[in-house]
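Counting in the working numbering, the sequence shown runs from 39 upward without gaps.
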Amino acid sequence: MNNKKDMNDYKEAIKRPFSDWKKLGIGFLLYLIPIVNIITGFFAWGYLLECSHTSMKKKKELPAWENLGNLFTKGLLGLAISLIYALPSIILGIGFMWKLIQKISPITDITEPLQMLNLVKENIGGEIIVLGLVLLITAYITPMALIFFSKKYEFKDSFKINDLLRKVFTWKYFLAWAFLAILGILISIISQGIINLSQETMIIPTIINAFTSIFIGITRYTLLGKTLFLIEK
């Protein structure tokens, strides 16, 4: 494992969003308008997958915003893949909530948050730990499933489980995933700090959230696409 080479890849991934301000700006605008970005976000997601696709081909420049219909379709398929991988977590979460509701419903005098917390710990504390582990595994595996899809844009490629597991349990992927997780946390802390200092509750948070979404998205998909390329070399 070449640590210097890996760090260069991380730096290149962070710098890539700023290699073309026009293309970055288009992505920013697609995330900018609340509610509307639920739809426009699919175009952006398709574009992020294209960032992964081009990264695997060792292209440093950002891809063009073209074939918008294809980008939208790729974004929808990305959502479908993510939801399928999230199904175990969703099913477990619903089951645990139903169990908790059954425990709570006969009790009508719970008024304090601490009482509720104790009730949760007594009845589904173990289940919450299990759910947390499943969520963590899902968060670890799903990004690589999306990168598998972006390689040839074949939906079935996202579910080549044996190959997927061999790729995610490598140092290169773990380090890239951990780096991106830490980067996301740092960006969130900085963004929240700016929002708190501004004391403005609508325009500035919307602008910051749109910018961080496209910046982190391009960085993430670029780095993970390059990581898969290096693992398969």
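Even for Gly, the Cβ is constructed at its ideal location relative to N, Cα and C. The model shown is predicted, which means the values in this text are computed figures rather than measured ones.
Short of 7 Å from the beta carbon of Thr244, and not among the five residues preceding or following it, lie these beta carbons of its own chain, in chain order: Leu70 and Pro72.
Each residue's CA atom was taken as its position, placing Leu106 and Thr78 some 10 Å apart.
The segment 165 to 175 and the segment 83 to 91 do not touch, with fewer than three beta-carbon pairs separated by less than 8 Å. Within the same chain, and ignoring the five residues on either side of Phe253 in sequence, the residues whose Cβ sits closer than 7 Å to its Cβ are Pro55. For the pair Thr257 and Phe197, the Cα-to-Cα distance works out to about 24 Å.
Here DSSP, grouped into helix, strand and coil, assigns Asp58 to coil. Taking a C-beta distance under 9 Å as the contact criterion, Asp47 and Thr265 qualify as a contact pair. Under the criterion of beta carbons closer than 8 Å, Phe80 and Phe110 qualify as touching, at roughly 5 Å. Counting C-beta atoms within 10 angstroms of its own C-beta, Asp44 has 16 or more neighbours from the protein chains shown and is therefore classed as buried.
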